[in-house]
Amino acid sequence: MPTLSLENPTKSLSWAEVVLHLSDEQIQELDHLKKWSDIFHKVTVLAPMSISKPETLDVNWVKVPSGQYKADIWNAQLAKSEAEWVLFLEAGENLKFLDFPSNEEISETCWPPALMKWKERDVEVQLYQMRFIPGSAINVFGGRELPDCTRYVIENNVQVSNAHIQVERKENPVTQIDSATELGIQDFAPQVYLVEGQRYLQQKEYVYATAQFRQLLKRERLLPFDRLGAVNGIASCLAEQYKWQKALNVAQQSLEAEPFQNLPYLIKYRIYSLQQRWEEAYEALGEYYGRFDLQSAANFDV
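First residue of the sequence shown: 1090, per my numbering; consecutive thereafter.
As structure tokens, then:
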């Protein structure tokens, strides 16, 4: 995969625009914005009405009235863009350029997902979302404060590329999502069930968590990383309830669907260790470490 050179970064991504959506009155991305201006065709900042554009910044500054949902704002901005591709980022996100996909690797029918990573209790967690969108696409984002492309991707037979865009964060990007608000519209983000399931899982409410994951899996139209996240969530809930054989079965089904993951191997290792099945435990742990440097394809993997 071609690697973007930052030694001579001037408009290396002349075919793409980056849009940064600020949610509060803090501008933490000044250094990032200056670097992005050297790399991208265009940099646009979506800012609350109360924030003025810093004089030192050479970016397109768009003031957004309060009361609008994020998905609507992003759809409107995408419609205005003249770039071939548009990347949407949120406040506090740092874009990594390692293995950034080239325009030869992607197309209107093959989009690279954004892969966001952050740490919780010193453990790195990840979440995929579709954030890099062709400028020709219209009304891509469903949802409200959780912009989601599931409907558009599936209805238009868009493939999810193996290439991805790396984004670093300091915290979980979906912590503040209000599930009731998201579910109040027809075109809601299916990922909201995964988010709610993870909340219940962290609260050790395993029955409620499982119900959310199963609700997600009832939908035929899902992005692959959301589906894997829900299956792994069910396996985790079963393991926590000491339903070990069922947990092992679900973990194995997940791995058969997609071997490039981590959590199912950890579930198998934990259960085999508790059962004192040491050979199988070490085998599962070996599989985990053997894939540790490979990128997992599942949401909320660790």
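We put the beta carbon where it would ideally sit given N, CA and C, even for glycine.
Assign residue i to one of two classes, buried (16 or more other C-beta atoms within 10 Å of its C-beta) or exposed (fewer than that).
i: S1170; result: buried
i: I1243; result: exposed
i: A1386; result: buried
i: P1154; result: exposed
i: S1103; result: exposed
i: W1367; result: exposed
i: A1168; result: exposed
i: V1256; result: buried
i: E1106; result: buried
i: I1274; result: exposed
i: P1348; result: exposed
i: K1131; result: buried
i: E1182; result: buried
i: R1233; result: buried
i: V1212; result: exposed
Rounding to the nearest angstrom, what Cα-Cα distance links residue i and residue j in this structure?
i: M1138; j: Q1341; result: 51 Å
i: P1223; j: E1329; result: 42 Å
i: Q1292; j: D1315; result: 20 Å
i: D1120; j: N1228; result: 31 Å
i: A1226; j: W1174; result: 9 Å
i: F1189; j: L1204; result: 11 Å
i: H1253; j: I1360; result: 32 Å
i: L1311; j: N1245; result: 13 Å
i: R1210; j: V1391; result: 11 Å
i: L1317; j: K1142; result: 41 Å
i: L1355; j: G1286; result: 19 Å
i: S1196; j: S1268; result: 32 Å
i: Q1157; j: K1208; result: 30 Å
i: Q1166; j: A1160; result: 10 Å
i: Y1289; j: I1323; result: 12 Å
i: R1303; j: V1320; result: 8 Å
i: V1296; j: C1238; result: 29 Å
i: N1351; j: Q1384; result: 9 Å
i: D1113; j: L1344; result: 41 Å
i: K1335; j: P1353; result: 13 Å
i: T1264; j: L1235; result: 11 Å
i: N1388; j: N1164; result: 24 Å
i: E1179; j: V1108; result: 8 Å
i: L1184; j: R1220; result: 12 Å
i: F1177; j: H1110; result: 7 Å
i: R1258; j: L1216; result: 11 Å
i: A1370; j: G1379; result: 14 Å
i: F1129; j: K1332; result: 51 Å
i: I1140; j: V1134; result: 11 Å
i: R1308; j: F1230; result: 18 Å
i: Y1282; j: T1299; result: 10 Å
i: T1198; j: L1337; result: 36 Å
i: P1201; j: E1194; result: 9 Å
i: V1214; j: Q1280; result: 16 Å
i: Q1301; j: C1326; result: 11 Å
i: S1101; j: A1136; result: 26 Å
Let's see if you can read the secondary structure: which residues bound the alpha helix (DSSP H) around residue i?
i: P1313; result: P1313 to E1329
i: I1195; result: Where I1195 is concerned, there is no enclosing alpha helix (DSSP H), given that its DSSP letter is neither H nor E.
i: I1254; result: Per DSSP, I1254 belongs to no alpha helix (DSSP H); it is in the beta strand (DSSP E), I1254 to E1257.
i: P1190; result: Segment: none, P1190 is in no alpha helix (DSSP H) and carries neither H nor E.
i: V1296; result: Y1295 to L1306
Going by the DSSP bridge assignment, what does residue i pair with across the sheet?
i: F1221; result: L1176
i: W1207; result: V1214
i: L1102; result: F1129
i: G1379; result: Beta-bridge pairing links G1379 to no other residue.
i: G1231; result: D1237
At a Cβ threshold of 8 Å, is residue i touching chain D?
i: D1113; result: This model lacks chain D altogether; it includes just one protein chain.
Any beta strand (DSSP E) of 3 or more consecutive residues that is wholly inside the region 1104 to 1188
1129 to 1137, 1149 to 1153, 1174 to 1179 and 1183 to 1185
Please give the ranges of any alpha helix (DSSP H) in the region 1239 to 1285, keeping only runs that are unbroken, at least 4 residues long and fully inside the region.
1239 to 1244 and 1268 to 1271
Within the region 1323 to 1374, ranges of the beta strand (DSSP E) (whole runs, at least 3 residues)
none
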